[in-house]
Amino acid sequence: MTDEQDEGTDGLLSDKPSEVPGTAAWEAPSGAPSDASRGSRGKGRPPRMPSGPQVQLGFLLMVVIGISLLFLAMIGNFILTLILAGIFAGMARPTHLWLEDKLGQKPRMAAMFTVFALLLLILIPLAGFLALVLSQAVDVSDQAGPWISEQLSRSPELFAWLQALPLVGPMVPEQSELVGRASELVTRAGSFVINNLGAATTGTVAVFLQLFVMLYAIYYFLIDGKAILGRILYYTPLKEEDEEKLVEQFVSVTRATIKGSILVGLIQGGLAGSAFFLLGLPGAAFWSTVMAVLSIIPVLGSGIVWAPASVILVLTGRAGAGLFLAIWGLVVVGLVDNVLRPRFVGRDTKMHDLLVLLSTFGGLAMFGVVGFMIGPVVGALFLTAWKLYGTAFQGMLPSAPDWAEEVVEEA
62 MTDEQDEGTD
72 GLLSDKPSEV
82 PGTAAWEAPS
92 GAPSDASRGS
102 RGKGRPPRMP
112 SGPQVQLGFL
122 LMVVIGISLL
132 FLAMIGNFIL
142 TLILAGIFAG
152 MARPTHLWLE
162 DKLGQKPRMA
172 AMFTVFALLL
182 LILIPLAGFL
192 ALVLSQAVDV
202 SDQAGPWISE
212 QLSRSPELFA
222 WLQALPLVGP
232 MVPEQSELVG
242 RASELVTRAG
252 SFVINNLGAA
262 TTGTVAVFLQ
272 LFVMLYAIYY
282 FLIDGKAILG
292 RILYYTPLKE
302 EDEEKLVEQF
312 VSVTRATIKG
322 SILVGLIQGG
332 LAGSAFFLLG
342 LPGAAFWSTV
352 MAVLSIIPVL
362 GSGIVWAPAS
372 VILVLTGRAG
382 AGLFLAIWGL
392 VVVGLVDNVL
402 RPRFVGRDTK
412 MHDLLVLLST
422 FGGLAMFGVV
432 GFMIGPVVGA
442 LFLTAWKLYG
452 TAFQGMLPSA
462 PDWAEEVVEE
472 A
C-alpha cells in the first residue's frame, strides 16, 4: 500500500476532527458558555455522534454488505446462469489457450471463436436434444400404462408359469398390480422431466436472454477469469497459500467430478439409449436421459432402467431382444463405468460416490435440470472447504484413531 493510500486510510480511520470548509460560522462565538457550563439543562447543540475507527469500519461494513445484498437480489435471476458460464468457461479454457497460441496471442479473438464453438457444437445440439426429450417424456408419461399392459398381455402363459414356480411365484405380483406399479413409476419419471425441462424452456424471450447472458459471461470469463478470481480472493482474509490450496483443490475436484460423473453419465446414457432405439423401444431419448442421471448410483446405475426393460422384453416373447439388451448393459455399458471412470477421475481427487450421489440428486431437487452440473460442483466446493478447514486447524483438532485412517485409506 502506498504512502498516499496510508494517508487516506489514516484520515478515514482517524478520530481527530477534520477541518471542513464553511464550518467556521457554526463554531460558538468567544465568550459563549461551553457545553460543560450548561450543565444538565440540555440546551445547546446535541452531542456529537461517536466517530472512532471501529464505528467508521462498522458503518462501512454495513454499507458494503447492504449494497452487495441489494446487487445480488437484483441479479438473482442470473446467478445460476453465471455459475453455468463459469463451469463451461473452465471446461473450455484449454481450447481457448490453444486457440490463443495459434492466433498469435490474441485472447479476445480466441475467446470469440471458443464461444462460437460452444454454441454450435454443444449448446444448440443440447437444446434440440432436450426438446426431443421433453416431447418423448410427454408421450411416455401418457402411454406407459397401456403399453406395459399390452406387452404383458401377449404372453399370459409365461406370466402364469412364473407365478406357479415354488420360490419365484410368491414374489411375482399379479399382472394388474405390476402394470400399476410400472405405470406409476414411469409417470413419475416423465412428470419430473416435464416439469423441469418445461420450466427451463417456457418463455422464449427469457430463454434467449439467459443464453445471451451466459455466452457473454463465458466470453469475459475466458479473457478476464484470472483477474476476476484474483480480485475476489483479494477481499478474503485467507493467507495466500490457503487461497492457492482452495483454488487448486476446488479446480481439481470439480474437474474430476465433472469428467467422472457427468461425462461418464452421458456416455452410459447414450450407449444404453442407442440400444433402446435399435430395439424399437418407445422414448429412447427420454430413457437415455434418465439412465444418464441414474449412472451416478454405485453398482446399479443405469441398470435400474435397462434391466427391467430386458425382463419385460423376455416376458413379452422377445427373448432375443431381451438377452441382447441384458448383455449390452452388462458388457458395454458396464465397461464404461469400470474402465473410463477410473481413467477420468484420479484417486486423489475423487469425491466419494455417496457425496456425488447426494450432491447430484440434491442439485436436481434444488436447481432443476441444471443441478445435474451445479450439484457436483457445490459438493466439490463443500469438500474443498472442509479440507482447508482441517489443514488450517490441524494443530487444534484431535487426531483420528488408527482404525479410522485405515478405513479411509482402503475406501
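Here the working numbering runs 61 ahead of the position in the sequence shown, where the first position is 1.
For each residue, glycine too, the CB sits at the ideal point set by N, CA and C.
Residue 348 lies in the alpha helix (DSSP H); which residues open and close that run?
Where residue 348 is concerned, the enclosing alpha helix (DSSP H) stretches over 345 to 355.
With 16 other CB atoms within 10 Å as the buried threshold, where does residue 129 fall?
Exposed, since its Cβ has fewer than 16 Cβ neighbours within 10 Å.
Quick check on DSSP: helix, strand or coil for residue 136?
Here residue 136 sits in coil by DSSP.
According to the Cβ coordinates, are residue 434 and residue 145 closer than 8 angstroms?
The criterion of a C-beta distance shorter than 8 angstroms is satisfied by residue 434 and residue 145.
Got a sec, what are the start and stop residues for the alpha helix (DSSP H) residue 398 sits in?
Unbroken run through residue 398: none, as it is neither H nor E.
Identify the continuous alpha helix (DSSP H) that holds residue 459 and give its terminal residues.
Annotation: residue 459 is outside any alpha helix (DSSP H) and is labelled neither H nor E by DSSP.
If you follow the alpha helix (DSSP H) that residue 315 is part of, which residue opens it and which one closes it?
301 to 318 is the span of the alpha helix (DSSP H), which, as asked, contains residue 315.
Among the residues of its own chain, which have a CB less than 7 angstroms from the CB of residue 454, if the five just before and after it don't count?
Answer for residue 454: no residue qualifies.
Taking the alpha-carbon positions, what's the residue 400 to residue 443 distance?
Using only the alpha carbons, I get a separation of about 27 angstroms.
Give me the Cα-Cα distance between residue 150 and residue 363, rounded to the nearest whole angstrom.
Computed Cα separation, rounded: 29 angstroms.
If we count Cβ pairs, one from each stretch, closer than 8 angstroms, do we get three or more for the stretch 286 to 296 versus the stretch 311 to 327?
Here the stretch 286 to 296 makes no contact with the stretch 311 to 327; the two share fewer than three CB pairs at distances below 8 angstroms.
Between which two residues does the alpha helix (DSSP H) holding residue 167 run?
For residue 167, there is no enclosing alpha helix (DSSP H), as DSSP gives it neither H nor E.
List the endpoints of the continuous alpha helix (DSSP H) containing residue 450.
Under the DSSP assignment, residue 450 falls in the alpha helix (DSSP H) whose first and last residues are 432 to 453.
Beta-carbon contacts of residue 334 that lie in its chain and below 7 angstroms, excluding the five residues immediately before and after
Correct list, in chain order: 345, 346, 348, 349 and 352.
Are any of the Cβ atoms in chain B nearer than 8 angstroms to that of residue 137?
Of the protein chains in the structure, only one exists, and it is not chain B.
What residue does the alpha helix (DSSP H) around residue 486 start on, and which one ends it?
What the structure shows of the chain is the stretch from 62 to 472, and residue 486 is not part of that stretch, so it cannot be assessed.
Contact set for residue 439: own chain, Cβ-Cβ below 7 angstroms, skip 5 residues either direction
For residue 439, where only same-chain residues beyond five positions count, the Cβ hits under 7 angstroms are 420 and 424.
Let me know the secondary structure DSSP gives residue 363 once reduced to three states.
The answer is coil: DSSP assigns residue 363 none of H, G, I, E or B.
Exposure label - residue 460; buried when at least 16 CB within 10 Å:
The residue in question, residue 460, is exposed, as its Cβ has fewer than 16 Cβ neighbours within 10 Å.
Can you find the residues in the same chain that come closer than 8 angstroms, C-beta to C-beta, to residue 308, ignoring five residues on each side of it along the sequence?
Setting aside the 5 residues that flank it on each side, residue 308 is surrounded in the same chain by 290 and 294, each with a C-beta closer than 8 angstroms to its C-beta; the list follows chain order.
Straight-line CA distance for residue 68 to residue 317?
With a pLDDT of 46 at residue 68, under the threshold of 50, the modelled position of this residue cannot be trusted; read the value that follows with caution. Between the alpha carbons of residue 68 and residue 317 lies a gap of roughly 48 angstroms.
Assuming residue 386 is part of the alpha helix (DSSP H), what are its boundary residues?
Unbroken alpha helix (DSSP H) run through residue 386: 380 to 388.
Report buried or exposed for residue 398, applying the criterion of at least 16 other Cβ atoms within 10 angstroms of its Cβ.
That one is buried.
Which residue from 402, 427, 413 and 332 puts its Cα closest to that of residue 387?
When each option's Cα is compared against that of residue 387, the closest is 332.
In this structure, does DSSP put residue 147 in helix, strand or coil?
For residue 147, the three-state secondary structure derived from DSSP is helix.
Taking the alpha-carbon positions, what's the residue 458 to residue 450 distance?
Answer to the nearest angstrom: the Cα atoms are 10 angstroms apart.
Which residue's Cα is closest to the Cα of residue 273: 456, 312, 139 and 391?
With distances taken between CA atoms, residue 273 lies nearest to 139 out of 456, 312, 139 and 391.
Whole angstroms are fine: how far does the CA of residue 378 sit from the CA of residue 275?
Straight-line spacing of the CA atoms in residue 275 and residue 378 works out to 50 angstroms.
Using three-state DSSP, classify residue 296 as helix, strand or coil.
Three-state DSSP puts residue 296 in coil, outside helix and strand.
Rounded C-alpha distance that separates residue 126 from residue 116:
Each residue's CA atom was taken as its position, placing residue 126 and residue 116 some 15 angstroms apart.
Quick test of your reading: residue 172 and residue 284, contact by CB under 8 angstroms. State the CB separation rounded to the nearest angstrom.
Indeed they touch by this definition, with Cβ atoms about 5 angstroms apart.
Quick check: the Cα distance between residue 305 and residue 155, rounded to an integer number of angstroms?
Each residue's CA atom was taken as its position, placing residue 305 and residue 155 some 20 angstroms apart.
If we call anything under 8 angstroms between Cβ atoms a contact, is residue 314 one with residue 441?
Their beta carbons are under 8 angstroms apart, which means residue 314 touches residue 441 by this criterion.
Rounded to the nearest angstrom, what separates residue 384 and residue 141 at their Cα positions?
Computed Cα separation, rounded: 43 angstroms.
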